[in-house]
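Asks: Residue 347 is where the sequence shown ends in numbering that gives the first Met the number 0, and the numbering goes up by one at each step. Just so you know, even glycine gets a beta-carbon here, dropped at the ideal spot from N, CA and C. Treat the numbers as computed from the prediction; the structure is a model and nothing was measured. So that we are looking at the same thing, I have put the structure below in structure tokens.
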Amino acid sequence: MPTCEKCGATNSESNKFCASCGAPLRVSPPPPPPLPHTEPTPRAAPLNDLIGRPAPSKPPVPVQARKSGSIVPTILGIAALLLGAVILFFLISWNQERRAEAEKTQAKLSAVDQSLELINRRLEQADRKTAALQSETQVMQEHMGLTEAELKRAQALAKQLQQEQSRNVNALTRQIAAKADTEKVDTLKQEAETKIAGVSNDVTQVREEVRSGQEELAKTKAELSRLGVVVNEQGTMIATNSTGLEELRRRGERDYLTFDVRKKQRATVAGISLELRKADVKKQYVDFKVYVDDRTMEQKQIYVNRPITFYAGRNRLLYEVVVNEVKKDQMVGYVSTPKVGATTASAK
Numbered sequence: 000m001p002t003c004e005k006c007g008a009t010n011s012e013s014n015k016f017c018a019s020c021g022a023p024l025r026v027s028p029p030p031p032p033p034l035p036h037t038e039p040t041p042r043a044a045p046l047n048d049l050i051g052r053p054a055p056s057k058p059p060v061p062v063q064a065r066k067s068g069s070i071v072p073t074i075l076g077i078a079a080l081l082l083g084a085v086i087l088f089f090l091i092s093w094n095q096e097r098r099a100e101a102e103k104t105q106a107k108l109s110a111v112d113q114s115l116e117l118i119n120r121r122l123e124q125a126d127r128k129t130a131a132l133q134s135e136t137q138v139m140q141e142h143m144g145l146t147e148a149e150l151k152r153a154q155a156l157a158k159q160l161q162q163e164q165s166r167n168v169n170a171l172t173r174q175i176a177a178k179a180d181t182e183k184v185d186t187l188k189q190e191a192e193t194k195i196a197g198v199s200n201d202v203t204q205v206r207e208e209v210r211s212g213q214e215e216l217a218k219t220k221a222e223l224s225r226l227g228v229v230v231n232e233q234g235t236m237i238a239t240n241s242t243g244l245e246e247l248r249r250r251g252e253r254d255y256l257t258f259d260v261r262k263k264q265r266a267t268v269a270g271i272s273l274e275l276r277k278a279d280v281k282k283q284y285v286d287f288k289v290y291v292d293d294r295t296m297e298q299k300q301i302y303v304n305r306p307i308t309f310y311a312g313r314n315r316l317l318y319e320v321v322v323n324e325v326k327k328d329q330m331v332g333y334v335s336t337p338k339v340g341a342t343t344a345s346a347k
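So, in structure tokens, the structure goes:
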């Protein structure tokens, strides 16, 4: 039966590991059988015959038998080393974290100590100020000679005087109301009602006149719009077509001269010159220049039926330029001038 070389325990032949300590068991080879009786061996062969023959080799020992006894302790040692390294790593990490927390706590404690020291200094200053105020208050009370009882008596006296004054005012008011002349009050009331009625009638009449004027204005605007004349916010009448222009001429308030200017050409109308720079048919606006009294006025993005007004001439007369139609490289409209000194249109 095999015996454990490590602990000396005896195990059965079927066990490969010790039942007591778990160490691998070495199986000793069985004893060789007895040699049979043989005849005397012949003389050894000469040395020359043995040259070149391989020496007889011993039977190889099984690899498993050699390594089985050392592999388990090696594995256990490696596992122990790995476990120790892991434990050491965690211990180092935990120590570093604790050290960092201790440093943070120490910094917080230092800040708290500084804050407490500052608070203590402020409390000492407040105590000194409080003591000084108490001393001043005591001195003031002694100087004025007022006690708490005297202050209460003064407050009660002031309240009593206020109530008495209020009673006197109420009594005087009742006396004045009793002496009022009832007939005069009624007369004043009737006069006030008469005046109010008259004002109401005047207001009603004015409202009727305003409403009538608004209706008349609406009718006039509708009639002018039908004739091609619109009135802008400033109350200026603007002709939107030839019919509207004839209507304005018929009224005779101003002179109206038409123009038809092409791009990069200059037209002279009523003493001023117009030069078209750009015509946008899609958006219906133009850019043009106005030459008047040795001045040049540049007008940009002037939409259809939007009047441009300016003063010109020696008498500073009010001129008005209106573009009624925008075509490709062409604008059509009119110039409105006062009745004084109107001239006919000419083109360069």
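Quick one: measure Cβ to Cβ for Ala-266 and Ser-272, integer angstroms, because I've assumed they're closer than 8 Å.
Replies: 7 Å
Asks: Where Ala-170 and Glu-163 are concerned, what is the direct C-alpha to C-alpha distance, given to the nearest angstrom?
Replies: Taking the straight line from one Cα to the other gives about 11 Å.
Asks: Using CA atoms only, rank isn't needed, just tell me which of Arg-25, Glu-123, Gly-21 is closest to Leu-75.
Replies: Gly-21
Asks: Could you give the residue range of the alpha helix (DSSP H) that holds Gly-243?
Replies: 241–250 is the extent of the alpha helix (DSSP H) around Gly-243.
Asks: What is the residue span of the beta strand (DSSP E) that Asp-286 lies within?
Replies: 284–291
Asks: DSSP on Glu-4, reduced to helix/strand/coil?
Replies: coil
Asks: Tell me the DSSP bridge mates of Ile-307?
Replies: Val-320
Asks: According to the neighbour-count rule (16 or more other Cβ atoms, all chains shown, within 10 Å of its Cβ), is Leu-87 buried or exposed?
Replies: So Leu-87 counts as exposed.
Asks: In whole angstroms, what is the alpha-carbon distance linking Asn-323 and Glu-208?
Replies: Across the structure, Asn-323 and Glu-208 are spaced so that their CA atoms are roughly 36 Å apart.
Asks: Give the straight-line distance between the Cα atoms of Ala-125 and Ser-114, rounded to the nearest whole angstrom.
Replies: 16 Å
Asks: Alpha carbon to alpha carbon, how far is Leu-244 from Tyr-255?
Replies: Rounded to whole angstroms, Leu-244 to Tyr-255 spans 7 Å at the Cα level.
Asks: Along the chain, where does the beta strand (DSSP E) that runs through Asp-328 open and close?
Replies: Here Asp-328 belongs to no beta strand (DSSP E), and DSSP marks it neither H nor E.
Asks: Along the chain, where does the beta strand (DSSP E) that runs through Gln-300 open and close?
Replies: 294–302
Asks: On the three-state DSSP scale, how would you describe Glu-96?
Replies: Looking at Glu-96 - three-state DSSP - the assignment turns out to be helix.
Asks: How about Met-330 and Val-228: do their beta carbons lie closer than 7 Å?
Replies: no
Asks: State the Cα-Cα distance for the pair Ala-18 and Asn-10, rounded to the nearest angstrom.
Replies: 7 Å
Asks: By DSSP, does Lys-128 sit in helix, in strand, or in coil?
Replies: helix
Asks: Hey, would you say Thr-308 sits closer than 7 Å to Glu-297, going by beta carbons?
Replies: In this structure, the beta-carbon distance from Thr-308 to Glu-297 does not fall below 7 Å.
Asks: Taking the C-alpha atoms as reference points, what is the distance between Phe-258 and Ala-217?
Replies: 31 Å
Asks: Need the endpoints of the beta strand (DSSP E) that Ser-272 sits in, please.
Replies: For Ser-272, the enclosing beta strand (DSSP E) begins and ends at 271–279.
Asks: Could you check whether the Cβ of Gln-133 sits closer than 7 Å to any Cβ belonging to chain C?
Replies: Looking for chain C here will not work: only one protein chain is present.
Asks: Here's the rule: buried if 16 or more other CB atoms are within 10 angstroms of the residue's CB, otherwise exposed. What is Pro-23?
Replies: buried
Asks: So, helix, strand or coil for Ala-18, using DSSP?
Replies: coil
Asks: By DSSP, does Ser-211 sit in helix, in strand, or in coil?
Replies: helix
Asks: Taking Gly-332 as the reference, give the member of Ala-78, Leu-81, Ala-238 with the closest Cα.
Replies: Ala-238
Asks: So who's on the other strand from Val-85, going by DSSP bridges?
Replies: In the DSSP output, where bridge partners are listed per residue, Val-85 has none listed.
Asks: Hey, how far is the Cα of Arg-25 from the Cα of Thr-73?
Replies: Arg-25 and Thr-73: Cα-Cα distance of roughly 18 Å.
Asks: Over the uninterrupted beta strand (DSSP E) stretch that includes Thr-235, give me the two end residues.
Replies: Run containing Thr-235: none; DSSP gives neither H nor E here.
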